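A short write-up of the structure that comes next.
In this note's numbering, the protein residues as written are 291 to 471.
Structure, rendered in structure tokens:
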């Protein structure tokens with residue numbers, strides 16, 4: 291089996307270098323996921339843009355975490371669950387939310403549970419969410435915009451989760467305290 295290259299800013303294709311250098315400046319490191327994605331500059335750019343678009347969505351930090359981690363856990367991504375646990379901590383998300391997601395237990399409130407349930411249905415049913423499930427989501431205070439934003443978050447997570455599965459991306463040392471599974 292051929293291992294995927296985990297690029298540095300120095301070894302990456304020219305079109306990926308600036309993104310890796312920016313990550314190093316912003317985070318103090320180049321996450322292994324970015325290093326793997328750097329092999330395909332367009333995939334790295336798409337991932338980064340989708341990430342920013344999702345951050346700029348109508349969801350708050352708790353809701354972003356619910357969508358990300360619901361998908362990460364469902365996809366069994368042993369790289370992204372620890373990474374997004376660290377991200378949730380940096381965003382001051384209640385640890386009870388993160389632990390419930392990691393352990394597949396109930397959300398601490400009905401609105402976040404509705405978001406989790408809708409996200410999980412969209413993932414499991416490849417977008418074929420039932421009318422009853424949508425009505426429950428809307429009754430919790432969400433709308434069509436948020437349905438589409440779940441799909442946006444899913445688009446980002448498919449790139450990272452699937453890449454990590456294919457590449458067997460090793461967890462970065464900074465995320466290892468949050469190891470999952």
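Even glycine gets a Cβ: it sits at the ideal position worked out from N, Cα and C. No experiment lies behind these values; they were computed from the predicted model shown.
Check                                                                                                    : Outcome
Cβ shell of residue 296 (< 7 Å), same chain only, five flanking positions each side left out             : 322, 325, 326
Within 8 Å, strictly: CB atoms of residue 409 and residue 357                                            : yes
Touching by the beta-carbon criterion (3+ pairs, under 8 Å), the stretch 385-397 and the stretch 420-440 : no
Delimiting residues of the alpha helix (DSSP H) encompassing residue 362                                 : 351-364
Among 293, 438, 429, 380, the one whose alpha carbon lies nearest that of residue 400                    : 429
Beta-carbon proximity of residue 407 to residue 319, cut-off 8 Å                                         : no
Simplified DSSP assignment, three categories, for residue 463                                            : helix
Segment limits, alpha helix (DSSP H) that includes residue 296                                           : Note, residue 296: premise wrong, no alpha helix (DSSP H); not H, not E.
Span separating the alpha-carbon of residue 369 from that of residue 392                                 : 13 Å
Burial state of residue 412 (16 or more Cβ within 10 Å)                                                  : buried
Which of helix, strand or coil DSSP assigns to residue 414                                               : helix
Three-state secondary structure (DSSP) of residue 395                                                    : coil
Contact check, residue 338 vs residue 309, beta carbons under 8 Å                                        : yes
Residue 417 versus residue 332 - alpha carbon distance                                                   : 25 Å
Neighbour-count burial assignment, residue 458, 16 or more Cβ in a 10 Å radius                           : exposed
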